[in-house]
Ligand code: GLN
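Numbering (the working numbering), first residue to last: 229 to 670.
Structure representation (structure tokens):
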């Protein structure tokens, strides 16, 4: 596929904005002297581009610096070809909460890409050998990877610097990678990894070790109990294939995982509600000047106009959970659940190399289905992706089935710093299971 055809496909799926399609059309930029090309989710700061995190409030914000992950990829010879669309500030699972249009699933343009790194997954699915940088707080790499039929790797919390990332939930945010197969991720994860003096939560860490694979997986029974029939059958078939590859599959009980979703929505919104406070109309993007308004009026008018309704909901929810008098009942309790989840993973890893579930409870929903969902129904989509994110564990989503032509993924979570295990299993899986590419790509 040449650059012009690619640009057309990228426009059809509305994967990003700014120079994305133009760079693909430009032979010098696209086929020029670069080791590789990549895109980044719109919540990572990058020189030469606006960085809006999918929000109206950041319209026109041009950061004067690169996020560490972007800087490292550029130094390795990468050409940044565009910013990918996303749910505003990462709030969502379908990328329908963006102020800059909605990316469409390359397998069916009437369906969503997943979220919140939806444009990243669409780009990875449409463009051969493309490396898409994504970010996950509670599943935003796994979810769109599953819906768009690509590989999505979320690293251990602290492996990749968060410098230059527009925060959602500071104790949860992780920069990761998506691509049509695991090879580019194996190549470039070490490039973006490593401690960074600019991010105190980035850690000195063991290097990526690809020598140890996965001989056994634990499947938590309560996590596969509520699947649709289609999804259960598809997942069982994938489990059968893994067994055929010599992987031992153990059924385990991890009852605390049931509470991971409500705990996540308390912790993530609590952190988000404080992180959103900086958007007051006086620092970034949509700056209001010459106003006679007092601070409170200014603050409310800028935020009423600049923030989307899901963002407002999250600020209210998070502020509520942190209020004096309610804090113990919600926020502190959610922290306790987080500890239980971590402990239950530790126990599971004593008997198995990884924990396996489907990635999402269903394939990518159609936009008309999403419109009729309540907020709670939408949050429920994250039931399987939230647990490893709460525990800061590395996890990968791999395409494992096609249901009515739509891709479905399986998700493997490994102990901290064991990304190598996940990536070496991915390599083996790819020799057994053929990933499909969307029609728009040849
Ligand atoms: N869908 C989840 C949420 O809305 C996760 C999003 C993310 O990881 N950024 O919070």
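Beta carbons are placed, not taken as given, at the ideal position from N, Cα and C, and that holds for glycine.
* **Pairwise C-alpha distance: residue 264 and residue 326** => Distance between the alpha carbons of residue 326 and residue 264 is about 28 Å.
* To which residues of the same chain is residue 424 closer than 6 Å at the C-beta, ignoring the five residues directly before and after it? -> 296, 389, 391, 430
* Helix, strand or coil for residue 340 per DSSP? -> Reduced to three states, the DSSP call for residue 340 is strand.
* To do: Please go through the same chain and pick out, in chain order, the residues whose beta-carbon is closer than 7 Å to the beta-carbon of residue 328, but skip the five residues on each side of it.
  => 245, 280, 282, 313
* To do: Decide if residue 293 is buried, meaning its Cβ has at least 16 other Cβ atoms within 10 Å, or exposed.
  => The residue is exposed, with fewer than 16 neighbouring Cβ atoms inside 10 Å.
* Asked: Using CA coordinates, which residue listed in 398, 574, 660, 262 is at the minimum distance from residue 495?
  -> 398
* Taking the C-alpha atoms as reference points, what is the distance between residue 641 and residue 474? -> Cα-Cα distance, rounded: 18 Å.
* Asked: Taking contact to mean at least 3 C-beta pairs separated by less than 8 Å, is the region 584–593 in contact with the region 650–665?
  -> no
* Does the ligand GLN have a heavy atom nearer than 7 Å to the CB of residue 367? -> yes
* Exposed or buried, residue 276, counting other C-beta atoms within 10 Å across all chains shown (16 or more means buried)? -> exposed
* **Through-space distance from residue 262 to residue 298, alpha-carbon basis** => 15 Å
* Asked: Can at least three beta-carbon pairs, one atom from the region 622–642 and one from the region 593–604, be found at a separation below 8 Å?
  -> no
* Touch check for the region 484–504 and the region 542–556: three-plus C-beta pairs under 8 Å? -> yes
* Asked: What number of angstroms, rounded off, separates the C-alpha of residue 453 from the C-alpha of residue 550?
  -> 33 Å
* To do: Look up residue 482 in the DSSP assignment and say whether it is helix, strand or coil.
  => coil
* Chain-order list of residues whose beta-carbon lies under 7 Å from that of residue 353 (same chain, five-residue window excluded) -> 334, 376, 377, 378, 408, 666
* Take every Cβ of the region 625–639, pair it with every Cβ of the region 559–575, and state whether three or more of those distances are shorter than 8 Å. => At 8 Å Cβ cutoff, the stretches do not touch.
* To do: Look up residue 661 in the DSSP assignment and say whether it is helix, strand or coil.
  => Residue 661 falls in the coil class under three-state DSSP.
* Sufficient close CB pairs (3 or more, under 8 Å) joining the region 505–512 to the region 524–541 -> yes
* Distance, Cα to Cα, residue 304 vs residue 479? -> 43 Å
* **Beta-carbon spacing of residue 482, residue 576 below 8 Å** => yes
* Spatial distance of residue 374 from residue 523 (CA atoms) -> 44 Å
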